[in-house]
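In this note's numbering, the protein residues as written are 46 to 116.
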């Protein structure tokens, strides 16, 4: 039999991913704001990071996960 994964463990992993993606998105965004010429691949990477971040936020809302309960 496989070990059952606890909901709280998955929720904590989800929150960790959200915080990491938020930092990555903000970092890419600030680099693009400072650059004179915006490379296409950097713009697409920013859009991808933003989409991933927003997807995880919606997933957390769907699962009724709050960052206040884990911090």
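Each residue gets a CB set at the ideal place from its N, CA and C atoms; glycine is no exception.
Extent of the continuous alpha helix (DSSP H) run through residue i
i, result
"residue 112", "Element bounds for residue 112: n/a, residue is neither H nor E."
"residue 71", "52 to 79"
Own chain, CB closer than 6 Å to residue i, minus 5 neighbours either side, in chain order
i, result
"residue 63", "101"
Close-in-space but distant-in-sequence residues of the same chain around residue i (CB under 8 Å, 5 per side omitted)
i, result
"residue 60", "105, 110, 112 and 115"
"residue 76", "87"
Neighbourhood of residue i by C-beta, 7 Å cutoff - its chain only, sequence neighbours within 5 removed
i, result
"residue 43", "Beyond the ends of the chain as shown, which are 46 and 116, falls residue 43; an answer cannot be given."
Under the three-state DSSP convention, the category residue i falls into
i, result
"residue 83", "coil"
Residue i Cβ short of 8 Å to the ligand FAD heavy atom set
i, result
"residue 103", "Of the ligands one can find in the structure shown there are none, so the ligand FAD has no counterpart to examine."
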